[in-house]
Every structure is written in structure tokens, then in C-alpha cells.
Amino acid sequence: MSSLDKIDKSQSPRHIAIIMDGNGRWAKARGLQRVEGHKKGVEAVRKVVEAAVSASVKYLTVYTFSTENWNRPVEEVNALMDLLVYAIAKETPDLLRNGIKLECIGERERLPEKTRKTLEECIEKTSECKNLTLVVAISYSSKWEMTEAARKIANDVRTGTLREQDINEEIINNYLTTSNIPDPDLMIRTGGEYRISNFLLWQAAYAEFYFTETFWPDFGEEELYKAILDFQQRERRYGKISEQVNC
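Given below as C-alpha cells:
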């Protein structure tokens with residue numbers, strides 16, 4: 328029996344965010360070039376997206392490429408960008424068929440023109456899809472995002488568009504790239520690392536965390552279902568005590 332059958336879909340996390348780690352180490356363990364791990368990782372994304380739909384998850388954010396990743400060897404960065412173009416173009420028909428809307432958070436201006444154009448075309452084509460929103464975090468980091476938000480807030484205060492005394496959590500949320508996306512309920516990191524690497528720092532304030540030793544290319548449907556089942560065993564108190572939550 329699949330772990331999917333054990334999931335209470337009415338209690339599935341509305342939004343799952345995933346740090347997809349371990350592509351390079353997966354390839355190295357098999358004597359392959361790192362890019363082969365990234366290719367296999369693309370296949371894992373497809374499986375996990377389909378599994379998320381089956382589990383009634385409404386938002387799935389995948390950490391595809393961080394601002395820090397620009398510091399990797401040029402050859403690897405170029406290969407990743409080419410792979411992104413290929414993967415997005417190839418997957419667009421399936422996204423449409425499965426009712427999956429694509430969105431993007433991050434510094435798109437840094438992307439090569441071909442990558443950015445392909446991404447934006449897919450976003451436009453899938454804009455009316457309703458089953459699941461797939462958010463690609465590319466050229467993204469929380470420190471970049473919060474710096475940009477602070478800059479925009481300061482500018483709006485200076486020009487009189489925003490009053491300093493009106494700044495609160497809701498206002499800050501509205502200046503983030505995720506302003507139209509609910510905060511993640513569950514954050515998953517694969518690959519055996521126990522950190523969140525500058526990813527959704529503000530938004531993950533009350534997320535549940537799930538860490539697994541499994542490298543991303545080996546993370547499939549059952550691995551996602553196990554994470555959701557683990558999530559459903561937890562008590563989310565948001566600062567309250569158990570008696571308040573369960574009353």
C-alpha cells in the first residue's frame with residue numbers, strides 16, 4: 328500500500344517548500360559529472376510535482392538556484408541554465424495538462440536572456456491553471472529579497488507613498504516576492520544537510536522542518552508522502568499551548 332493512502336488529504340500542508348540538495352554528490356558517488364546529477368534532479372522534480380497534486384498540496388516551492396550559486400564554476404552554471412531552458416520547455420505541456428501554474432521568485436534580471444524568456448513564456452501559458460502552483464526559486468536568496476524589500480519600503484516612505492508608522496508585518500509581507508503566496512507549512516531538505524541556506528527565512532517562521540539523508544535525485548513520490556505523514560503527526564501551536572490548540 329502506498330503511503331498516499333495513509334494521508335489525510337484534508338490535513339495536507341497547503342504549501343511545501345523544498346531545498347533540493349545532493350545532485351552533485353549523487354553524481355559523484357556514481358562516477359558521473361555533476362551535471363548528470365542535475366539532469367536526474369529534473370526528473371525528481373516531475374515526480375514530486377505529480378505526487379504533490381495527488382496529496383492535495385496547493386503550493387510547491389523548489390529552491391532551484393540561489394544567488395550564491397552564481398559563484399560556482401562557470402561551466403556548471405552555464406550547464407544549469409541550459410538545463411533549465413530545456414526542462415521548462417519540455418515540461419510546459421505537462422504542466423498545462425495537469426493544471427499546474429508556474430511562478431518564479433528571485434532576481435530574474437541576472438538570468439541569461441534565453442533562460443528568462445523561456446521561463447516567462449511558461450509562466451504566461453500556465454497563468455490560468457488551478458490545481459497546484461509550482462514556484463521556482465531561481466537566483467533567489469532571502470537576504471537579497473529582504474534587502475530589496477527594505478529598499479522599496481524606504482523609497483516609499485521617502486516619497487510619501489507609505490507612512491513610517493504604518494509599517495507592520497503585513498506591510499513587509501506585501502513587499503516580498505512571495506506576497507501572493509502563503510507561507511510554507513512544511514520545509515523539506517534532502518541530502519543530509521541540516522540548514523536552510525538563505526531560503527524563505529521570513530516566510531518559514533512557523534514552518535515545520537523535515538530533513539532526510541536521501542539525495543534529491545532519489546527523492547520521489549513515496550519520500551514526499553512520508554514527509555507529509557510526518558507533518559501530520561505534529562502539533563502546530565503557533566506560540567500557544569496544547570490545550571488552546573485542541574480545545
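Numbering (our numbering), first residue to last: 328 to 574. Using N, Cα and C, we set each Cβ at its ideal position, and we do this for glycine too.
#1: I465 bridges to which residues according to DSSP?
#2: Report the three-state DSSP secondary structure of T460 (helix, strand or coil).
#3: Who are the near neighbours of L513 in its chain, counting only those whose CB is closer than 6 Å to its CB and skipping five residues on each side?
#4: With respect to the alpha helix (DSSP H) encompassing R352, which residues constitute its N-terminal and C-terminal limits?
#5: When you compare the CB of N500 with every CB in chain D, is at least one pair closer than 8 Å?
#6: Strictly by DSSP, which residues pair up with E535?
#7: For Q492, does the count of other Cβ atoms within 10 angstroms reach 16, so buried, or fall short, so exposed?
#8: DSSP on I624, reduced to helix/strand/coil?
#9: Within the same chain, show all residues whose beta-carbon is closer than 8 Å to that of L423, passing over the 5 residues directly before and after it, in chain order.
#10: Might you give, ordered along the chain, the residues of its own chain that have their beta carbon closer than 7 Å to the beta carbon of I480, omitting 5 neighbours on each side?
#11: Going by DSSP, what residue range makes up the beta strand (DSSP E) through E430?
#12: Would Q338 be called buried (16 or more neighbouring beta carbons within 10 Å of its own) or exposed?
#13: Pick from V362, A477, R435: whose alpha carbon is nearest that of N405?
#14: What residue does the alpha helix (DSSP H) around A414 start on, and which one ends it?
#15: Less than 8 Å between the CB atoms is what I'm expecting for T391 and V484, so what's the real figure, rounded?
#16: Out of curiosity, what's the CA-to-CA distance linking I498 and S329?
This is what the structure gives:
#1: Working through the sequence shown from its first residue, we reach residue 465 at position 138. Answer is F392.
#2: Taking the first residue of the sequence shown as position 1, residue 460 is located at position 133. Three-state result, T460: strand.
#3: Position 186 of the sequence shown, counting from 1, holds the residue named residue 513. P340, I343, E535, F558, listed in sequence order.
#4: Stepping through the sequence shown from its first residue, residue 352 is reached at position 25. First-last of the alpha helix (DSSP H) with R352: 350-356.
#5: The question asks about chain D, but that chain is absent: this structure has only one protein chain.
#6: Here residue 535 corresponds to residue number 208 of the sequence shown, with the count starting at 1. Partner(s): L513.
#7: In the sequence shown, residue 492 corresponds to position 165, counting from 1. Exposed.
#8: Residue 624 is absent from the model: the chain starts at 328 and stops at 574.
#9: Here residue 423 is taken as the residue at index 96 of the sequence shown, counted from 1. Contacts found: K452, T453, C456.
#10: As a working note, residue 480 is residue 153 in the sequence shown. So the list reads L489, I494, Y502, once near-sequence residues are dropped.
#11: Here the question's residue 430 lines up with position 103 in the sequence shown. Unbroken beta strand (DSSP E) run through E430: 427-432.
#12: Looking up residue 338 in the sequence shown gives position 11. The residue in question, Q338, is exposed, as its Cβ has fewer than 16 Cβ neighbours within 10 Å.
#13: Residue 405 sits at position 78 when you count from the first residue of the sequence shown. The shortest C-alpha separation from N405 is found at V362.
#14: Here residue 414 refers to the residue found at position 87 of the sequence shown. That run of the alpha helix (DSSP H) goes 401-424.
#15: Start at 1 with the first residue of the sequence shown, and residue 391 comes out as number 64. Start at 1 with the first residue of the sequence shown, and residue 484 comes out as number 157. Not confirmed; about 33 Å, so no contact.
#16: Against the sequence shown, residue 498 aligns to sequence position 171. Against the sequence shown, residue 329 aligns to sequence position 2. So the two alpha carbons sit approximately 43 Å from each other.
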